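If you want my numbering, it's the 1-based position in the sequence shown plus 1.
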Amino acid sequence: MRFYIFFFALIALSSCAENKPQAVTVAQETVTNATPVPASTPAPVPEMLLDTTFTVDYIMGKFEPATHPDFTEINPPYSDEKRYLRKDVLAAFIKMYEAAKADGINLKVESATRNFANQKRIWEAKWTGKRLIEGGKDATKAWPNPKDRAMTILKWSSMPGTSRHHWGTDIDINEFENDYFESGKGLKVYEWLLANGAQFGFCQVYTPKDATRPTGYNEEKWHWTYMPISQQITQLAKQNLRDEMISGFAGSEVATEVGMVKNFILGINQECL
Ligand SMILES: [Zn+2]
2 MRFYIFFFAL IALSSCAENK PQAVTVAQET VTNATPVPAS TPAPVPEMLL
52 DTTFTVDYIM GKFEPATHPD FTEINPPYSD EKRYLRKDVL AAFIKMYEAA
102 KADGINLKVE SATRNFANQK RIWEAKWTGK RLIEGGKDAT KAWPNPKDRA
152 MTILKWSSMP GTSRHHWGTD IDINEFENDY FESGKGLKVY EWLLANGAQF
202 GFCQVYTPKD ATRPTGYNEE KWHWTYMPIS QQITQLAKQN LRDEMISGFA
252 GSEVATEVGM VKNFILGINQ ECL
């Protein structure tokens, strides 16, 4: 893999147009720190290695998968609708799909890449009460305190800029209900994935919360990641992203308070790290 030395000062991303197509493969990127660093901010890492394919904009989903050279369409029979994945990830998924099919198991991608703009629509619909959550509640009324509201939405949905679905490495398979995977046909699918997913590079990201995974999103039996690529991006996110950089949508002001990077981006199944 090609690495370039990348000099890092805190990046002011608030000025980035959220949905602007942009080249993500660059040899170097000049960054400046436009705002004073709060006292609680960890010291910036002075020098680090950053795979230049995975810039901070890439990690935060600030690109268009439809025009990105590393992405391709995913269509039937792998997905009922046109979606996008990284080419390397789709190739790995197709191998897994075929092996599953030979065992009588049908795998269908129900969600794939979502960029910052997609995730902003999902998040803000919940944040503003336009889309009801938690059994029909308007979040603005049920959780008027911004931190409480964020923590409730964060049971299931990521803040824009922090979703693994930005990366083109993560997929949701078959159904968005844990119940589906706990009996009958769904249980067979889940048992097959647990037994065979790893040999194709796939790992369940959001396992039950316990001592080894004390923070993060609720268990999602449907969300799987292609580790050979996402492990690198997770490490780059750990090194490069700071909560203060998460901005550009309603509710982003509590990103630091809830500890998005530490508690959510890194709050995953240790086996996927
Ligand atoms: Zn997912």
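Heads up, the beta-carbon is just placed ideally off N, CA and C, and yes, glycines get one too. Fair warning: this is a prediction, and the values are worked out from it, not measured in the lab.
Going by the DSSP bridge assignment, what does residue i pair with across the sheet?
i, result
"D173", "S112, H224"
"R214", "D211"
"Q1", "The question about residue 1 has no answer here: the residues shown for the chain are numbered 2 through 274."
"T73", "L86"
"K138", "I134"
Just the C-alpha distance for residue i and residue j, rounded to the nearest angstrom, thanks.
i, j, result
"P22", "S184", "Below a pLDDT of 50, predicted positions are generally treated as unreliable, and P22, at 40, falls in that range; no measurement from the model is reported."
"Y191", "G249", "37 Å"
"F55", "P78", "29 Å"
"P147", "G252", "7 Å"
"D173", "E258", "28 Å"
"D58", "A67", "16 Å"
"C204", "G137", "32 Å"
"A10", "M246", "With a pLDDT of only 41 at A10, under 50, the local geometry of the prediction cannot be trusted, and the value read off the model is given with reservation. A10 and M246: Cα-Cα distance of roughly 12 Å."
"N107", "F265", "30 Å"
"Y207", "E111", "17 Å"
"H166", "V262", "15 Å"
"F72", "M61", "16 Å"
"Q240", "T114", "22 Å"
"P47", "K88", "In this predicted model, P47 has a pLDDT of only 36, less than 50, meaning its place in the structure is not dependable enough to derive any value."
"E254", "S159", "14 Å"
"R132", "A101", "36 Å"
"E272", "A92", "22 Å"
"I230", "N119", "22 Å"
"T153", "I95", "35 Å"
"E1", "Y85", "Missing from the structure shown is residue 1; the chain here goes from 2 to 274 and no further."
"I75", "L188", "25 Å"
"K210", "G268", "9 Å"
"G217", "W223", "16 Å"
"W128", "W157", "13 Å"
"D104", "P145", "49 Å"
"A256", "D244", "6 Å"
"L242", "A196", "33 Å"
"N270", "K83", "29 Å"
"G202", "L155", "27 Å"
"G1", "N116", "Outside the modelled stretch of the chain, which goes from 2 to 274, sits residue 1, for which no answer is possible."
"L237", "D149", "29 Å"
"D221", "N179", "One point to set straight first is that residue 221 is Glu, not Asp, in the sequence displayed. Cα to Cα, E221 sits roughly 6 Å from N179."
"K121", "F64", "13 Å"
Taking the alpha helix (DSSP H) that residue i falls in, what are its first and last residues?
i, result
"L276", "Residue 276 cannot be examined here, being either before or after the span of the chain that is shown, 2 to 274."
"E82", "Note, E82: premise wrong, no alpha helix (DSSP H); not H, not E."
"D123", "Asp is not the amino acid found at residue 123; the sequence shown has Ile there. Taken as a continuous stretch (DSSP letters only), the alpha helix (DSSP H) holding I123 covers 117-128."
"E192", "185-197"
"Y59", "57-60"
"M152", "147-154"
"Y258", "Residue 258 is actually Glu in this sequence, not Tyr. Segment 256-259, the alpha helix (DSSP H) holding E258."
Does ligand 1 have even one heavy atom less than 6 Å from the beta-carbon of residue i?
i, result
"H167", "no"
"H224", "yes"
"D173", "yes"
If we define contact as Cβ-Cβ less than 7 Å, is residue i a contact residue for chain D?
i, result
"P77", "Among the chains of the structure shown, chain D does not appear; only one protein chain is present."
Identify the continuous beta strand (DSSP E) that holds residue i and give its terminal residues.
i, result
"F201", "First-last for F201: undefined, no H or E at that position."
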